[in-house]
Every structure is written in structure tokens, then in C-alpha cells.
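For reference, the structure discussed in these notes is given below.
Number of protein chains: 4
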Amino acid sequence: MSHNSFGTLFRVTTWGESHGPAIGCVIDGTPPLLALSEDDIQPWLDRRRPGTSRFVTQRQETDQVRILSGTYEGQTTGTPISLMIENVDPRSKDYSAIAETFRPGHADYTYHSKYGIRDPRGGGRASARETACRVAAGAVARKVLGPSVTIRGALRQIGVHGVSDDDWDWDAVGDNMFHCPDPAMALVWESYLDDIRKAGSSVGAVVEVHASGVPAGWGAPVYGKLDGDLAAGMMSINAVKGVEIGAGFAAARLRGEDAADEMLPGNDGPGFSDNHNGGVLGGISSGQDIVVRFVVKATSSILIPRRSVDTSGAATEVVTKGRHDPCVGIRAVPVGEAMMACILADHMLRHRAQMG
Amino acid sequence: MSHNSFGTLFRVTTWGESHGPAIGCVIDGTPPLLALSEDDIQPWLDRRRPGTSRFVTQRQETDQVRILSGTYEGQTTGTPISLMIENVDPRSKDYSAIAETFRPGHADYTYHSKYGIRDPRGGGRASARETACRVAAGAVARKVLGPSVTIRGALRQIGVHGVSDDDWDWDAVGDNMFHCPDPAMALVWESYLDDIRKAGSSVGAVVEVHASGVPAGWGAPVYGKLDGDLAAGMMSINAVKGVEIGAGFAAARLRGEDAADEMLPGNDGPGFSDNHNGGVLGGISSGQDIVVRFVVKATSSILIPRRSVDTSGAATEVVTKGRHDPCVGIRAVPVGEAMMACILADHMLRHRAQMG
Amino acid sequence: MSHNSFGTLFRVTTWGESHGPAIGCVIDGTPPLLALSEDDIQPWLDRRRPGTSRFVTQRQETDQVRILSGTYEGQTTGTPISLMIENVDPRSKDYSAIAETFRPGHADYTYHSKYGIRDPRGGGRASARETACRVAAGAVARKVLGPSVTIRGALRQIGVHGVSDDDWDWDAVGDNMFHCPDPAMALVWESYLDDIRKAGSSVGAVVEVHASGVPAGWGAPVYGKLDGDLAAGMMSINAVKGVEIGAGFAAARLRGEDAADEMLPGNDGPGFSDNHNGGVLGGISSGQDIVVRFVVKATSSILIPRRSVDTSGAATEVVTKGRHDPCVGIRAVPVGEAMMACILADHMLRHRAQMG
Amino acid sequence: MSHNSFGTLFRVTTWGESHGPAIGCVIDGTPPLLALSEDDIQPWLDRRRPGTSRFVTQRQETDQVRILSGTYEGQTTGTPISLMIENVDPRSKDYSAIAETFRPGHADYTYHSKYGIRDPRGGGRASARETACRVAAGAVARKVLGPSVTIRGALRQIGVHGVSDDDWDWDAVGDNMFHCPDPAMALVWESYLDDIRKAGSSVGAVVEVHASGVPAGWGAPVYGKLDGDLAAGMMSINAVKGVEIGAGFAAARLRGEDAADEMLPGNDGPGFSDNHNGGVLGGISSGQDIVVRFVVKATSSILIPRRSVDTSGAATEVVTKGRHDPCVGIRAVPVGEAMMACILADHMLRHRAQMG
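Residue numbers (our numbering), protein chains in the order written: chain F, 16 to 371; chain B, 16 to 371; chain D, 16 to 371; chain P, 16 to 371.
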């Protein structure tokens with residue numbers, strides 16, 4: 016497919032650089048007659064927005080979304096929905112010093128190697144600012160999915176501190192700065208991240224996203240598998256280095272009798288003894304919760320000097336003095352939810368196409 | 016995209032059921048004038064073939080591939096390459112007893128839920144037999160990539176026993192039945208798997224695939240990222256539940272100063288202090304080795320009875336008496352290599368299109 | 016899209032050369048539970064088959080189709096349908112003399128220019144033999160469309176002799192060798208074509224295809240327009256040089272008050288005063304008959320010597336002594352019908368996806 | 016593909032309604048390091064702009080384009096180029112009276128049938144205003160093609176008056192309001208169209224577009240044929256009812272010895288005796304000029320009353336009192352050029368991908 020689009024029928028194309036005049040996306044394939052206004056999208060953007068706590072970048076962006084097409088009198092018309100978010104606080108000066116330097120761990124060198132040119136202002140196209148468009152598209156996708164599908168994300172792990180299943184409380188996620196499902200762990204993280212932040216460092220994290228209410232049958236074997244698309248979608252989020260479904264990498268240790276969730280008679284379709292498969296079997300949803308996890312590496316925009324080279328190939332040292340996130344995983348939670356929503360919406364339409 | 020195809024420019028479409036007359040694939044977009052005959056493809060298929068040791072299914076398939084189109088006098092012509100492998104040992108009787116039963120951990124129930132019909136013979140389309148087509152396509156992809164790119168796979172972990180980086184020897188991989196890079200571990204696995212096999216059970220595994228010689232610059236941000244496509248490709252392999260790049264899930268624990276591979280002046284482009292990023296930054300190759308890992312769950316085709324339901328919803332019990340693999344991860348190694356080859360070939364062409 | 020595939024959801028990929036071992040196609044996205052066997056496909060192939068009259072090429076092909084995947088017990092399963100037709104009468108010797116010559120009006124020179132290699136046997140991939148796969152796919156598409164949609168094709172014009180609307184009788188189409196809707200004109204054509212055939216020449220033709228029973232609403236503005244897809248589909252048939260919808264090129268002369276079909280109240284949706292728009296307005300079906308016309312140029316495989324160059328660039332002369340068609344438009348009728356069927360099936364599924 | 020996008024590698028997605036806040040497009044896949052600013056795009060938009068003569072709609076749009084992403088310091092970066100044109104003169108009141116009426120010959124009824132909702136202001140998404148985005152994208156495509164490819168369009172026919180080849184002078188095209196290559200005919204048209212305009216009527220036209228300098232070898236058989244993509248592209252322009260290549264429909268009357276352009280030895284590749292094939296053989300360019308023609312029907316937005324029905328199905332009468340074009344074909348000339356440019360740019364990149 017083309018480079019900046021995803022989805023087959025619910026198709027999202029994003030555009031824009033971190034410090035250009037605006038970023039945005041075009042969403043094609045949305046069914047008509049869905050109620051949609053900026054008020055349906057803005058709350059999700061506000062959740063992702065920078066500057067909301069001391070643990071996320073202090074860039075001041077209002078992230079006001081504007082619908083430029085695709086609706087009429089508050090309803091979708093089935094035509095492309097164009098969404099635009101203006102960049103109001105670019106602060107290009109923060110980045111000018113490193114225009115000739117490749118920041119280690121960033122995409123500076125690879126963009127330069129590929130294109131022979133890059134927009135150095137705030138990471139240009141490689142900036143996590145692009146994920147605002149995913150969140151906006153996710154808000155539309157939730158409209159497509161309707162109220163029967165519920166998507167929830169949480170931060171499962173920051174650095175060395177992970178939440179155990181026993182302490183998991185979805186209701187707690189909204190009560191702290193971290194989307195943490197365990198209030199006690201949220202306090203641990205606060206102290207832990209404060210130390211990291213003060214040290215000018217950063218750390219990785221694991222995000223977990225669940226979708227409930229997805230009926231059995233969505234997905235398209237064998238290369239359009241639901242979990243294959245989820246893997247691609249999550250891996251395409253900035254700084255993600257791994258994706259897993261259900262038991263994920265822990266499945267390596269499981270024996271066949273444990274890995275296979277047993278099936279049990281149920282009143283409303285069969286039940287399952289467990290959900291090691293994360294709601295997907297053979298690339299098709301089973302009716303259980305879809306469970307996806309992904310890991311976000313620590314940002315390399317830190318105050319600790321790191322060795323690098325400049326565009327001439329000479330050795331240099333990089334210290335990022337601008338705004339940054341000690342744990343970019345925090346802001347990845349709403350992004351992961353949005354990707355889940357978009358991919359499910361696409362598969363809902365694909366399923367409907369083939370099955371009527 | 017359509018359901019049974021992958022790749023944008025090097026595009027593979029597979030077809031066929033486990034117990035139908037044949038399986039095959041069509042490969043479109045191959046450059047012309049590459050030397051190609053069945054002899055270039057057969058050795059890779061032989062590596063994946065069932066019945067090669069007591070640890071893989073004893074189904075007797077010769078897996079003889081036939082080129083039906085796309086070559087002339089031993090060279091590719093740029094037109095679609097159609098490959099066919101006849102099924103010679105289907106043994107439908109092995110499976111007839113369970114046609115009305117949903118095997119736990121398999122795609123029986125989800126295919127049934129989606130389509131209202133399924134081919135119960137050997138898993139039908141959901142059978143791992145489909146992966147033979149990937150291996151065949153991978154052989155063609157290696158031709159496209161040429162000799163400068165080397166792709167190697169190994170089994171990193173079986174059940175609770177993993178190979179450490181210190182003991183890793185690529186040269187050892189071909190010397191044992193497991194594609195194991197550590198001869199000592201291969202002996203451990205042999206004993207371990209014999210016990211599991213005799214117990215009628217199975218176990219999961221982790222496969223690791225490296226690609227060397229990929230130049231900096233391949234990949235297509237932001238939704239056509241090289242690692243995004245690798246994630247989708249590996250996740251689409253049967254029984255895979257997770258994919259990671261470079262440090263992968265271990266990156267959650269890494270601090271920013273450790274996660275970012277430092278850059279160092281080099282004679283032939285910059286060097287890197289490490290490869291936590293698995294050769295991909297911002298979705299584009301960095302010139303380092305591409306490193307991908309994926310987990311394969313234990314097969315649920317085991318002799319140990321498991322609870323399930325039949326198509327009427329009533330409780331039943333499932334025991335798989337037919338041929339099966341105690342560790343399907345073993346045969347996933349050449350499949351992972353093939354997916355790496357196909358995805359790299361596609362990105363090589365995509366890069367060439369945009370960059371000349 | 017990739018080169019040898021068409022359709023978004025009902026997706027057809029064809030492969031094979033004129034004189035290779037076989038040709039075939041893979042059809043992906045078909046809904047399950049449709050009754051399908053070789054007997055549903057063979058009659059359509061028989062209609063297109065060479066050797067059925069003295070006005071079509073005398074190559075003796077049985078064109079026996081075989082279903083290799085995608086059905087179980089006589090029903091589609093929703094997985095890829097692989098169809099194969101073996102080439103039984105290739106006669107490579109007919110073509111060996113011209114392997115080094117570019118036949119004027121054929122794709123020899125352009126394939127050579129693009130690929131640097133071509134299969135010279137019978138036109139290789141550029142042979143009209145590829146259209147047998149379209150006809151086979153069209154038979155499956157008709158199953159998807161169901162009995163409410165009727166697709167009919169006819170030959171409207173051969174050389175200077177065209178059928179007028181007043182003499183058009185669909186019931187006559189099957190009664191002559193030409194798919195001619197006017198019995199009197201069929202006699203004219205017989206004499207006219209006999210002269211052309213005896214002169215070793217050939218002539219062009221116009222094919223017209225109608226689809227009845229398509230409901231209002233199929234199509235996808237603005238680049239997935241129903242008529243846009245029909246134009247691409249028909250233009251991709253060998254030797255086609257033009258496509259038109261409804262009034263087509265005659266619309267240049269029409270005034271606005273005549274070009275717009277007036278709408279009239281009706282019992283079952285609105286009626287129309289005429290069908291200048293060929294059943295498509297704004298790229299979406301109107302409920303009227305879809306009317307498409309395309310022109311097929313005369314084949315350049317003739318007995319009359321023509322000037323050309325060889326692969327070294329030197330002047331030469333080309334006379335085609337092998338089997339050939341005096342009017343390839345005759346055999347294009349079932350091909351045009353098949354393309355109509357495939358494109359409508361695709362749009363039926365696309366409409367269902369978005370609209371439920 | 017998705018509905019509002021075209022192109023495989025040079026991919027254009029358009030959005031926007033006639034009377035919404037703006038229209039625009041996203042262009043993905045552009046090579047980097049091309050000089051590009053608004054000044055490269057604006058002149059082409061000015062050529063298409065309404066209000067430039069009494070023969071095109073008097074809507075006053077400045078059509079000022081703004082580049083929102085994809086360039087840095089005046090050069091393309093290889094990332095998506097987002098272009099936006101604000102709508103400054105929507106005049107919604109002109110159209111409010113007919114919100115409940117289906118205008119004959121327009122897409123009102125088909126959009127309504129498909130979506131159950133439509134934006135009635137100025138035709139909404141079905142407005143020819145969308146073609147401004149194509150023209151903007153075409154300006155970028157010309158940059159991709161570079162100076163060696165020249166694309167020129169002209170109006171070949173208005174109503175009953177056509178330009179003959181003998182009188183064709185490309186240099187005359189810019190000297191009149193009609194893009195007419197024959198100054199004498201331009202005078203005929205002026206008088207002819209004045210009569211039609213005063214009568215409140217409209218008439219159809221034929222546009223012809225040539226591309227010179229395209230090397231032999233571009234195109235992708237068999238479903239990605241260059242002429243197939245051109246046919247789809249031109250047919251997707253508003254009001255187009257037919258497309259032809261080279262001799263087009265006239266080829267029906269040609270004999271094989273005339274239809275095949277003979278090949279002749281040349282200094283810089285072979286020459287051709289004629290160009291009946293319009294520069295495309297077997298879907299691949301021959302090195303000759305690419306010649307495409309398409310017909311644009313008369314607009315139904317006329318002062319002459321026409322019978323129609325309203326959304327309740329009752330009979331009514333439609334008279335379009337707003338601004339309109341007596342011959343929309345005039346403004347289709349730059350649109351046809353732009354589509355040619357975009358499709359050639361896409362095939363240039365596709366060719367480069369496969370052939371290196």
C-alpha cells in the first residue's frame with residue numbers, strides 16, 4: 016500500500032510534520048448517517064495532548080481538531096472525512112542546533128539515508144505528533160463500531176515495575192496520570208519516574224489494549240488476519256519494538272494442554288476456559304476480548320550526552336535540551352486504543368462485505 | 016488488501032487447502048532476467064518439509080514444486096510466477112471423526128463462526144501446510160534480493176530452554192534437527208522434546224531471523240514501516256502470538272541512554288555501539304542487521320484430552336490422534352526466513368520506485 | 016495495485032502464458048456457501064473457446080477448467096478459489112520464426128523494451144488466451160451476483176457494418192456465430208468476414224454489454240466510480256482501444272436538455288425517460304441497465320506482409336502464417352460479459368461493506 | 016482500492032465538498048528533492064478556475080492553494096504533500112431550493128440511493144470543484160516526470176463542430192478561451208456557444224490529451240495497463256462518458272493492415288508509420304506520443320425546465336438558475352492533462368520499481 020495510509024475499507028491517510036503549519040488525516044470509507052462533530056473527536060485528543068502532566072512533554076499544543084469535509088448537518092455522508100489540527104507551538108529554535116546531527120535512537124539518520132533530505136524541526140514527519148491523527152481517526156472508528164464494542168487501554172509496565180493481573184482494575188485507569196490500572200503501582204511509578212526525569216533520562220513501557228464486544232468471525236485469513244493487522248498497526252506507532260496477542264511471548268513456555276483455551280458450552284455461544292489466544296484464532300475473532308500488548312522504548316531525547324555523528328560523518332555528542340517525555344509510553348495508551356478502533360472498524364466492514 | 020495476498024510490489028497470493036488437490040501461490044512484480052528454475056526453490060521446501068525427523072509431523076509429503084508460468088528458458092520474464100505443489104498424502108480419514116467438533120486452540124470455531132462452512136480435512140485453509148507456499152515465494156524473493164542480502168533463521172527457545180547470545184553460533188544451525196545455534200542446547204532440546212512427545216503433548220518456541228546486508232534507507236514511514244510489515248508478516252504465520260524487533264519487549268526496562276544505540280564514525284557509513292533497534296529506526300533500515308523474533312505457541316493437536324464443544328454446542332472431548340508436531344516452532348524457522356525475504360524484496364522495490 | 020490482479024474485494028489474479036503448461040487464476044473474497052463446481056464455469060469457457068467456427072482461430076484448445084481450492088462438497092468456503100486450465104495445443108513451432116521479430120501492432124516491441132526478455136511463443140503473457148481466465152472468473156462472479164442481475168453481451172459492429180437499435184433482438188444473439196443481435200446483419204457479416212478472411216486480413220469490431228437488475232446505489236465516488244472501474248476493466252482486454260458508457264462519444268453532440276435523462280415517478284422507484292447515462296450517474300448505478308461499449312481493433316496477425324524491424328533494429332517484413340482470427344471482437348463478447356460480472360460483484364461487496 | 020484515492024505509488028487522495036470550508040488532496044509517494052512551492056501549482060489552478068470567461072461558470076473562486084506538508088525549504092521531502100484550497104464563494108442559497116429535488120442527469124438521485132444522505136449544496140462531493148484537486152496533484156506529477164515529458168491538452172470538439180487533424184496547431188491552444196487548436200474553429204465555437212448560452216442550454220465536448228517524451232516500456236500488463244489506468248482516470252472526471260486511445264472507436268472500421276502501425280528502422284529506436292495505437296501496445300508505452308480522448312456530456316444545470324421527481328417520489332420540474340457552464344468540456348482540458356500527468360508519474364515509479 017501507499018506509505019502513509021492504512022486500512023482496506025476504513026482507510027486512514029495521515030499527513031503533516033511536527034513543525035509545519037498543521038497535521039491532519041483523511042478518513043475514507045466511513046458509513047454515512049453517523050452523528051459526528053468535533054465534539055466527538057476532541058475529548059480523545061485532549062487525552063493524548065502534551066502538557067497535561069509533568070511526565071509528558073511540556074510542548075503547549077491545544078490540538079484543536081477541525082472537520083473540513085465528509086459531514087453534513089452533523090452526520091457523516093459517506094464521503095472522505097478530512098480532519099486538520101493546526102500546530103500552534105512549534106518552537107523551531109529548540110531544534111535548530113541539531114539539524115546537522117543525527118540523534119541516536121531517532122530516525123534522523125535513516126530518513127537522511129533514504130531521502131537525502133529531512134525536516135529537522137521536531138523530528139519532522141517522524142515526530143510522535145503524527146499520532147494525534149491516529150487518535151482523531153480512532154474517534155471516528157469508535158462511531159463506526161458503535162456502542163457494542165468497548166476499547167480500553169492501560170499502561171501495564173514502566174521500566175522495571177509492572178502491574179500484575181491480580182491488581183488490575185480498569186476503573187482505576189482514569190484516576191492517575193499514567194493510565195495505570197493499579198492505584199498502588201501508580202504511586203510507585205510517580206516516584207520512579209520523578210527520579211528518571213530529574214536524571215534527565217527516560218524509560219520504556221508496555222501498553223495493553225482490550226476490545227470487548229467483538230463478535231466471533233471478524234478477520235480475514237491468511238494475510239489479512241485480525242492479529243496480523245493489529246501487529247502492523249501497533250508496530251507502526253513511534254518507538255514500538257514489539258507486539259503480542261493474548262499470552263504472547265509467554266506462550267513459548269506453555270504446553271499444548273495449557274496454551275489451548277478449552278471450549279465450554281454456553282448460553283450465548285461457547286465459552287472458553289481462558290484467553291491465552293487473546294480473542295483471535297486463525298486470524299479470526301473468537302468472541303472473547305481482543306487482548307494486545309506492545310512495548311514502547313525509552314525516548315532518546317534525553318539530557319544525558321550520547322555519542323553520535325554529524326551529517327559529514329564526524330563524531331559529535333548529542334544532548335536534547337528541548338521538551339521531552341520521560342516515558343513516551345504514557346501518551347501511547349490512547350494511541351494504541353485508537354489503532355485498535357481503526358483496525359476493528361476496518362475488519363467490521365470487511366466482514367460485512369464478504370458475509371452480508 | 017485482499018485476504019490471501021501480501022506485499023505491495025513483490026506481491027504473493029497463496030491458495031489451497033491442506034487436503035485439496037494442490038496448494039500454490041502466484042508471485043507478481045518480480046523483476047525479469049533473474050535465473051529461476053524449480054531447483055532454486057526445491058531445497059528451501061525440503062528444509063520445511065514434514066517427516067524429516069521424529070520431532071515434526073510424520074505426514075509424507077514430497078512437496079515437489081512446479082513452475083507453471085513467469086519464466087522463459089530459465090529466466091524470469093517479469094510476468095506472474097505461478098507455483099504449484101500437489102498434495103500427495105492427504106489421509107482424509109484421520110480427520111473425519113472431528114468434522115463436527117471444534118478443536119480447542121485451532122481455528123475450527125472461528126472459521127465456522129465467520130463462514131458457516133469449513134473444510135475440516137486437516138485444518139483446510141488454516142493448516143500450516145499453507146506455509147509451504149511462503150517458503151516457495153521466499154526462494155524467489157531471495158533471487159530478487161541478490162547475494163548481498165543474507166537471511167538466516169534459528170530457533171532461540173523451546174519451552175523453558177532458551178539459547179543465550181553468548182552461545183550463539185550461526186554455523187551450528189544446520190547441524191541439528193532444531194535449527195539450534197547452540198549444539199549443547201540442541202542436546203537439551205532433544206531430550207526435553209522426547210519427553211513431551213512421549214507424553215503426547217507439545218510446547219511453544221521462539222524463532223529468530225536476521226537479515227544482513229540490507230542497506231540503510233529501506234522502509235516506508237509511517238504505515239508502511241519496514242518493521243510494521245515484518246510484524247504483520249510474522250504474525251500471519253500459523254500459531255504466532257507475538258513479534259518483536261531488536262531488543263523487543265526487553266526495551267521496556269531499558270533507560271534512554273541504553274536503548275539508543277550510539278552512532279560512531281565509520282569508514283563505510285556510521286557504525287553503531289549496539290543493535291537494540293534491530294536495524295530499524297523510524298520504520299527505515301539503518302544498515303545494521305535486521306533482527307526479528309516471534310513466538311509460536313504449542314500446537315493443540317495433542318494426545319491429551321481437552322474439553323470442547325461440537326457444532327451443536329454440546330460438550331465433548333478432543334484428542335488428536337493423527338500426525339502432529341511436538342514443537343511446530345521447528346518448522347517455522349524456514350517460514351520466518353521466507354517472510355523476511357519476501358518483505359525485504361518488496362521494500363527493495365518500493366525504495367527503488369521512490370528513490371530511483 | 017499489483018499488475019496482474021483486479022478488484023478490491025472480489026479480487027482476481029491471473030497468471031500464465033499462451034504456450035506454457037497452463038493458465039489460471041485465483042479469485043479471492045468470494046462469499047461462502049455458493050454452489051460452485053466445474054460445471055458452473057465450463058459452459059462460459061466453451062462459449063469463448065477457439066475453434067468453434069471458421070471466423071475464430073483454429074487453435075484446438077479444450078479449455079477444461081479445474082477447481083483446485085476454495086470449495087468443499089460443492090460449495091464455496093470463502094477461501095481463495097484457484098482455477099487452472101491446461102494448455103493442450105500450444106504448437107510452439109508456429110511462432111519460432113518470428114522470435115527475433117517485432118510484429119507490428121502487437122506487444123512484442125513494448126514487452127521487449129520494458130523487460131528485456133519476452134516469451135515469444137504465441138504472444139506469451141500478451142496473448143488473448145489470458146482472457147479465458149477472465150471468463151472463468153466471470154462465471155464465479157455471476158454466482159456472487161445471483162439471479163437478480165442479468166448480464167448480456169452482443170457484437171454491435173464489425174468493420175463498416177453496425178447493428179441499429181431498431182433491429183436489436185437479444186434473443187437472436189445465441190443463434191449465430193457472431194453474437195449478433197440482428198439475424199439479417201449476421202448474414203451480412205458472414206459474407207463480409209469471409210472476404211476479409213480469404214484476403215488474409217482482419218477487421219475491428221464493437222462489443223456492447225448490458226447488465227440488468229443492478230439496484231441503484233452501487234459504485235464508489237470519486238476514483239472508485241463504477242464506470243471508471245468498467246472502463247479500466249474493458250480497456251484491459253486485449254486489443255481494446257476505447258470504452259464508452261451509455262451515449263458515449265455521441266454525447267458530445269447532445270444538448271443538456273437531451274443528455275439528461277428525465278426522471279419520472281414510478282411504482283418501484285423513479286423511472287427515466289431514456290438511458291443516455293448508461294445506468295451510471297456520478298459513478299453510482301441508477302437502477303437502469305448498465306450499458307457499456309468497447310472497440311476491439313483488428314488483429315495484426317494477418318497474411319498481408321507488413322514492414323517491421325527485428326530485435327537488432329534492422330528492417331524486415333512480417334507475415335503471420337499461424338492460426339488467427341479475422342475478427343477478434345467475436346471472441347471478446349464473452350470476455351466483456353465476464354469483466355462486467357467481476358466488476359459488478361466487486362462493487363456489490365464494496366457497497367455492502369459501507370452500507371450494511 | 017479505497018474510494019477517493021488513485022495511483023499505486025504516486026498516490027492521490029482527494030477530499031472536500033463544493034460548499035464546505037475547503038477542498039484538498041494528499042499526495043503520497045513523491046520522490047524527495049524536487050523543487051516545489053505554491054508557485055509551481057497555482058498557475059495550473061488558475062487555468063482551470065471558474066469565472067475566467069463568459070463560457071465557464073461565474074462562480075468567483077480564487078482557488079489559492081496552500082502546501083501544508085511534505086516540503087522543507089522549497090523541496091519535497093518524500094513525505095505526504097497535503098494541499099488545501101479554501102472555498103471562498105460558496106453561495107449556498109443558490110442551491111437551497113433544490114435540496115429536496117433530484118436534478119436529472121446529476122448524481123443527486125444516485126448519491127441519495129446509496130448513502131441515504133447527501134450534501135445538496137452545489138453538488139457536494141459530486142461537484143466538478145473536486146477536479147481542482149486533480150489539477151493541483153497534476154502539477155506535482157509534472158515535477159516527478161521532469162522536463163523530458165510534455166503533456167498538452169486541447170478541446171477537439173464542441174457539440175457538432177470538431178477540429179480536423181489538418182487544422183491542428185498546438186501553439187494556438189493558449190490563444191483562445193476554449194483551448195482550441197484551430198483559431199478558425201475557435202471563432203465558430205464562440206458564436207455557437209453564445210447561442211447555446213443564451214438559450215439557457217449546454218452542449219457536450221471532446222477533449223484530447225497528448226504526452227510526448229514517454230519512453231518505451233512504461234505500463235504494467237495485464238490489469239495495470241497504462242491505457243487501462245488512463246481509461247479509469249479519465250472516466251472518473253465528472254461528466255465523462257467515454258475514453259479512447261489512439262484511433263479509438265474508429266479502429267472498428269480499420270483492417271489489420273491499416274490498424275497496425277508499421278515499424279521502421281530509426282536512429283534512436285524504431286520508428287512507426289503511424290500512431291493508431293496511441294502510443295500504447297499491450298498496455299505498455301511504445302515511445303510514441305500517448306494520445307487519449309474523452310467525451311464530456313453537456314451539463315444538466317440549464318435554464319430549460321426538465322421533468323424530475325423529488326425525494327418523496329412526486330413529479331416536479333427542475334430549472335437550474337445558479338451559475339453554470341454552457342460547455343463543461345472547456346474546463347475539463349486542464350483536468351485531463353492533470354490526470355495524464357498523475358497516471359504517468361505513477362507508472363514511471365512502478366516501472367522503476369520493477370526494472371531498476
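Where a beta carbon is used, it is the ideal one built from N, C-alpha and C, also for glycine.
Residue environment, residue i, which counts as buried when at least 16 other CB atoms sit within 10 Å
i: residue 185 of chain D; result: exposed
i: residue 369 of chain D; result: buried
i: residue 79 of chain F; result: exposed
i: residue 327 of chain D; result: exposed
i: residue 282 of chain P; result: exposed
i: residue 75 of chain D; result: exposed
i: residue 323 of chain B; result: buried
i: residue 16 of chain D; result: Its pLDDT being 49, under 50, residue 16 of chain D is placed unreliably in this model, and the coordinates cannot settle the point.
i: residue 320 of chain D; result: exposed
i: residue 63 of chain P; result: buried
i: residue 361 of chain B; result: buried
Assigned secondary structure, residue i (DSSP; H/G/I helix, E/B strand, else coil)
i: residue 16 of chain D; result: Residue placement at residue 16 of chain D is poorly supported in this model, since its pLDDT is 49, which falls under 50; the coordinates are not used for a value here.
i: residue 26 of chain B; result: strand
i: residue 90 of chain D; result: strand
i: residue 116 of chain B; result: strand
i: residue 81 of chain P; result: strand
i: residue 132 of chain F; result: coil
DSSP bridge partner residues for residue i (one or two, in chain order)
i: residue 333 of chain F; result: F:321
i: residue 343 of chain F; result: According to DSSP, residue 343 of chain F bridges with nothing at all.
i: residue 310 of chain F; result: F:221, F:257
i: residue 382 of chain B; result: Because chain B in this structure spans residues 16 to 371, residue 382 of chain B falls outside the shown range and cannot be described.
i: residue 4 of chain P; result: There is no way to answer for residue 4 of chain P, as the model of chain P reaches only from 16 to 371.
i: residue 40 of chain P; result: P:29, P:98
i: residue 299 of chain F; result: F:296
9 Å Cβ cut-off: residues of chain P touching residue i
i: residue 132 of chain F; result: 47, 48, 87, 88, 90, 91, 92, 93
i: residue 329 of chain B; result: Near residue 329 of chain B there are no residues of chain P at all, since even the closest Cβ is about 43 Å away, more than 9 Å.
Cross-chain neighbours of residue i in chain D, by beta carbon under 7 Å
i: residue 259 of chain P; result: 256, 257
Near the ligand GDP: residue i beta-carbon under 7 Å from a heavy atom
i: residue 21 of chain D; result: Among the ligands in the structure shown, none appear at all, so the ligand GDP cannot be discussed.
Original post:
Residues in the region 153–185 of chain D with C-beta within 7 Å of chain P's C-beta atoms, listed in sequence order?
Top reply: 172, 174, 175
**OP:** Quick one: which residues of the region 60–83 of chain P get their C-beta closer than 9 Å to a C-beta of chain F? List them in chain order.
**Re:** 81, 82, 83
Subject >> Members of the region 355–366 of chain P that neighbour chain B once the beta carbon cut-off is set at 8 Å >> reply: 364, 365
Original post:
Along the region 270–285 of chain B, what residues have a CB closer than 7 Å to any CB found in chain F?
Top reply: 270, 271, 272, 274, 275, 276, 277, 278, 279, 280, 285
Subject >> Contact residues within the region 24–45 of chain F, judged by C-beta distance below 8 Å to chain P >> reply: 24, 26, 28, 29, 30, 31, 32, 35, 36, 37, 38, 39, 41, 43, 44
Original post:
What residues in the region 287–313 of chain P bring their beta carbon closer than 7 Å to a beta carbon of chain B?
Top reply: none
**OP:** Please list the residues of the region 200–228 of chain B that have a C-beta atom closer than 8 Å to any C-beta atom in chain F, keeping them in chain order.
**Re:** 211, 216, 217, 218, 219, 220, 221
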